Amino acid sequence: MVYVTGDFHGEYKRFSAPEYGRLKKGDTLIVCGDFGFVWENTDKEKKQLKKIGKKKFNTVFVTGCHDNYEALAEYPEEEWCGGRVRRISGNLRMLCRGEIYEIEGKYYFAFGGGESTDGMLREDNNLWWAEEQPSAEEEALAWERLAAVGNRVDVIISHDAPTNILEFLNLPPMDVNSRINNFLDAVGKTVEFGQWYFGKLHLDKAITNRHRAVYLKVLPVEEKKAKRK
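Residues in the sequence shown are numbered from 0 upward in steps of one, following numbering that gives the first Met the number 0.
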């Protein structure tokens, strides 16, 4: 089974919630950004990463607005389920932006990153990374990967949401028109997909019948036929 959840922000106690008890050996837990366990390379952090990597299920995550991109880039790349990942520890991996993974017979398109609302403050304290926004090369790679599967995937995993969804939620214009929002909007208008999960809003709610905001709940990935918006 494949499950999806939202931002952890480095809170290990989340794994103690009853919902995690149903994950079995070989299952996959996907975290929609702001995983937050790779940050300062402390002894405590290293122990937590090792414990997560030793769990019987796979834990994979896309990057968000509150992840240390510089630290994550130090981990080695390898292939997993047909796409590039960075192996953090054991069964713990980071999904690389723009890659497609075949998990239990379904195609998952991963595109992490997001627009920080507190970026200026964090930049002053060296806690903000420009890499939270995609580069032109990463966008081109994503389109290349999507074209290779006929612009059709079963599930899209992101941290931020497409512009049209944020506008639907009546968020301020400054929060909906960043580079990544516009790119995700283009993906939604071009690619056939069954379900889209994103985590930035810290909300557990179905926004449309195919777009779902996730946070604390651990949800099994829904079975929905891929179609274009």
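Heads up, the beta-carbon is just placed ideally off N, CA and C, and yes, glycines get one too. Note that the structure is a prediction, hence the values are computed from the model and not measured.
**OP:** Assuming I99 contacts R151 (C-beta within less than 8 Å), just tell me the rounded distance between them.
**Re:** About 10 Å separates the two Cβ atoms, so there is no contact after all.
Subject >> Distance between K49 and N181 (C-alpha atoms, nearest Å) >> reply: 36 Å
Original post:
In chain order, what residues of the same chain lie with their CB nearer than 6 Å to the CB of A205, ignoring the 5 residues before and after it?
Top reply: R211
Original post:
Does the separation of the CB atoms of I156 and V1 fall below 8 Å?
Top reply: no
Subject >> Close-in-space but distant-in-sequence residues of the same chain around E10 (CB under 8 Å, 5 per side omitted) >> reply: G35
**OP:** Return the chain-ordered ranges of every alpha helix (DSSP H) run that is complete within the stretch 66-97 and spans a minimum of 4 residues.
**Re:** 68-71
Original post:
Using 8 Å as the threshold, is the stretch 85-94 in touch with the stretch 57-75, meaning 3 or more CB pairs across them?
Top reply: yes
**OP:** Take V30 as the anchor and find which of I164, Y107 and S134 has the nearest alpha-carbon.
**Re:** Y107
Original post:
Going by DSSP, which residues form a beta bridge with K204?
Top reply: A212
Original post:
Beta carbon of A16: closer than 7 Å to some heavy atom of the ligand FMN?
Top reply: In terms of ligand content, the structure shown is empty, and the ligand FMN therefore cannot be addressed.
**OP:** Please look up how many angstroms separate the CB atoms of H201 and G32, rounded, as I've assumed it's under 8 Å.
**Re:** The pair is not a contact, with the Cβ atoms about 11 Å apart (cut-off 8 Å).
Original post:
Is K53 buried or exposed, if buried means 16 or more other CB atoms sit within 10 Å of its CB?
Top reply: exposed
**OP:** Would you identify the three-state DSSP class for T62, choosing helix, strand or coil?
**Re:** coil
**OP:** Grab me the residues of K105's own chain with a C-beta within less than 6 Å of its C-beta, minus the 5 sequence neighbours each way, in chain order.
**Re:** D153
Original post:
Hey, out of Q132, R85, V186 and L140, whose CA is closest to A70's CA?
Top reply: R85
Subject >> Beta carbon of I87 nearer than 8 Å to that of P133 >> reply: no
Subject >> DSSP three-state assignment for F167, whether helix, strand or coil >> reply: helix
Subject >> Beta carbon of G5 nearer than 8 Å to that of V213 >> reply: yes
Original post:
Is D42 buried or exposed, if buried means 16 or more other CB atoms sit within 10 Å of its CB?
Top reply: exposed
**OP:** With a 10 Å radius around its C-beta and 16 neighbouring C-beta atoms as the bar for buried, classify N208 as buried or exposed.
**Re:** exposed
Original post:
Can you round the beta-carbon distance between F56 and K23 to whole angstroms, since I take them to be within the 8 Å contact cut?
Top reply: 7 Å
**OP:** Tell whether a beta-carbon distance below 8 Å holds between G97 and A135.
**Re:** no
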